[in-house]
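Residue numbers (our numbering): 83 to 573. Heads up, the thing below is written out as structure tokens.
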Amino acid sequence: MAKPKTFKLKARLPRGFVDRSAADIRASDAMLAKIRAVYEHYGFDPVETPAFEYTDCLGKFLPDTDRPNAGVFSVQDDDEQWMSLRYDLTAPLARHVAENINEIQLPYRTYRAGWVFRNEKPGPGRFRQFMQFDADTIGAPGVQADAEMCMMMADTMEALGIPRGSYVIRVNNRKVLDGVMEAIGLGGEENAERRLTVLRAIDKLDKFGPDGVRLLLGEGRKDESGDFTKGAELDGEAIDLILGYMAGTTRLDTEGQAELDQMAEIFSACDYDADRIKIDPSVVRGLEYYTGPVYEAELLFPVTNEKGEVVQFGSVGGGGRYDGLVKRFTGRDVPATGFSIGVSRLMTALKNLGKLGREEVLAPVLVTVMDGGTEALGRYQKMTQTLRAAGIRAEMYQGNWKKFGNQLKYADRRGCPLAIIQGSDEREQGVVQIKDLIEGKRLSGEITDNVTWRESRPAQETVAEGDIVAAVTRMLTAQAEDRDKASESGE
RNA sequence: GCAGACGUAGCUCAGUUGGUUAGAGCGUCGGAUUGUGGCUCCGAAGGUCGUUGGUUCAACUCCAACCGUCUGUACCA
């Protein structure tokens, strides 16, 4: 007979998406709780919006295009309206505020965490679905609101265990950049395109350094694969002016500069010095909707990736003032400022710093099954419930009970601390065996032949059925003490 | 999007100037051991060689296109 050809479906994760492990979920939950605590402390309240919005509310893409999928994931509703997965949390918030403007008390201080989606090429540490945690103050026109955001970002970094000096909040103002553009003669509508090129070049200071920026402002730059990026083609004088501005040697007295000075004053009044918040002329941020102060959180410690290479991590969050966003819906001025933390990215970095994954969740105590009869199963389950009622994480083996070896193998691989064993012998005597799997593993190093290993039944004790809770508690406590001792001497 | 590198078992990779039946390690499953994890030994399953076409008596191997992955770069609300 010919081999039956079975068509197996290939199991594959969509490009740019990840599955999260138990450890990752627990670590990010812990992180989110710390961030939330800071925001709450500052007087912000949560609000949540859905993952989908009508495409026009997200502020891009005219109905002209066939399928508005450039950068966003979009689908057409059954009434033919285009909907998109949100690509940030700011545009949906603006929609929410505009829609409920009569009920919302301004200034509105709010935070929210959520998944956002970007339909673009994924890279190392860049995914098409990732989590952001935002805070915004809406209806606050003054720079004191922006300054508060910067200080809250700094506090959040420290709440997450990033020591002062290992991060910095860099602050700039879009109006200052506008002034620079004026100064090099790139003001006005006709120069909009070149202004963008120049701003992008300025934004790349931390990536390519002053020399790289000089190339991008001038003729252009060739990358490592030999691909050429066209530059802004400015003349030498303009380039010198921009580089001077970025180095902090050229100062323009503009409205933006006055705002920056005001913020600096607030920072120093609150003792947030340059080791936490720093004015930095090279901060640009997104080119779309920011209108005033912009700020960015950057990590300063080296981050190594899974391959052991040191990578330039860059920004883990940022934000700014977006005075026009709500106005698009309401027609009336609703000034706002806020920032966003890239939770997924920050988590990668924190893992690196050893600030995550410390508190391991202990695997459950395993109640093994020696007898699959209905009555016996009830007894095993009852034992398990007794442990649970005493606050002990426990489970009964749910696989094929007939292969007892597999039950212990399962317990071993899960990292179970203890296994409870009751066969017919123990049952008759009204006792159970409690096996210390941690201690047993240690002893296994000294035993080389299998018969001895099986017959010696290492690290196992017999206790009366009624004493299970007390015995399990005692053994778990002893294990916990051993772990503490090991981590003290180990580090 | 542009440029480059790479696609062979679940994973990591061998595979000779093109030659007949495509291999290894790890992992998985079974057994040695129907009531005891680890070690050891024995055995098994698992492949459209990324896809399609071309050159050839003969293609995993050479050529082309496409698809996918990775790296850099561009864009990034």
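Glycine included, C-beta positions come from ideal geometry on N, C-alpha and C.
Practice prompt. Decide if residue 498 is buried, meaning its Cβ has at least 16 other Cβ atoms within 10 Å, or exposed.
Written response: buried
Discussion item. According to DSSP, residue 245 sits in a beta bridge with which residue or residues?
Written reply: DSSP, once it has assigned bridges, lists no residue as partnering residue 245.
Worksheet entry | Beta-carbon proximity list for residue 555, same chain, < 6 angstroms, skipping 5 on both sides | none
Discussion item. Along the chain, where does the alpha helix (DSSP H) containing residue 168 start, and where does it finish?
Written reply: Taken as a continuous stretch (DSSP letters only), residue 168 belongs to no alpha helix (DSSP H), as it is neither H nor E.
Discussion item. Please report the straight-line C-alpha distance between residue 406 and residue 153, rounded to a whole angstrom.
Written reply: 22 angstroms
Discussion item. Could you tell me the alpha carbon to alpha carbon distance between residue 210 and residue 375, rounded to whole angstroms?
Written reply: Whole-angstrom Cα-Cα distance: 28 angstroms.
Worksheet item: Under a three-way DSSP split, which group does residue 474 fall into?
Response: coil
Practice prompt. Would you mind giving the Cβ-Cβ distance between residue 341 and residue 255, rounded to the nearest angstrom? I have them listed as a contact below 8 angstroms.
Written response: 5 angstroms
Practice prompt. Count the other C-beta atoms from every protein chain shown that fall within 10 angstroms of the C-beta of residue 128, then say buried if there are 16 or more, exposed otherwise.
Written response: exposed
Worksheet item: Would residue 519 be called buried (16 or more neighbouring beta carbons within 10 Å of its own) or exposed?
Response: buried
Worksheet item: Among the residues of its own chain, which have a CB less than 6 angstroms from the CB of residue 110, if the five just before and after it don't count?
Response: 429
Fill in: Where residue 185 falls: helix, strand or coil (DSSP)
In the three-state scheme derived from DSSP, where H, G and I count as helix and E and B as strand, residue 185 is classed as coil.
Item to complete: Alpha carbon to alpha carbon, how far is residue 190 from residue 309? Give it in angstroms, no decimals.
Response: Roughly 47 angstroms separates the two Cα atoms.
Discussion item. For a test of the three-state rule: what should DSSP assign to residue 556, helix, strand or coil?
Written reply: It is helical.
Discussion item. On the DSSP letters alone, give me the boundaries of the alpha helix (DSSP H) that residue 492 sits inside.
Written reply: 486 to 496
Worksheet entry | beta strand (DSSP E) segment containing residue 452, residue limits | Where residue 452 is concerned, there is no enclosing beta strand (DSSP E), given that its DSSP letter is neither H nor E.
Worksheet item: Using a Cβ-Cβ cut-off of 8 angstroms (strictly less than) and excluding sequence neighbours within five positions of residue 175, which residues of its own chain qualify?
Response: 129, 131, 192, 194, 216, 218, 220 and 420
Fill in: C-beta contact flag for residue 167 and residue 261 at 8 angstroms
no
Item to complete: List the endpoints of the continuous beta strand (DSSP E) containing residue 197.
Response: 190 to 199
Item to complete: Go ahead and pull the three-state DSSP assignment for residue 327.
Response: Residue state, collapsed to three classes: helix.
Worksheet item: In angstroms, rounded to a whole number, what distance separates the CA positions of residue 327 and residue 363?
Response: 7 angstroms
Worksheet item: Looking at C-beta atoms only, is the number of pairs between the region 480 to 498 and the region 446 to 455 that lie closer than 8 angstroms three or more?
Response: yes
Worksheet item: Hey, out of 468, 170 and 137, whose CA is closest to residue 162's CA?
Response: 137
Item to complete: Would you identify the three-state DSSP class for residue 275, choosing helix, strand or coil?
Response: helix
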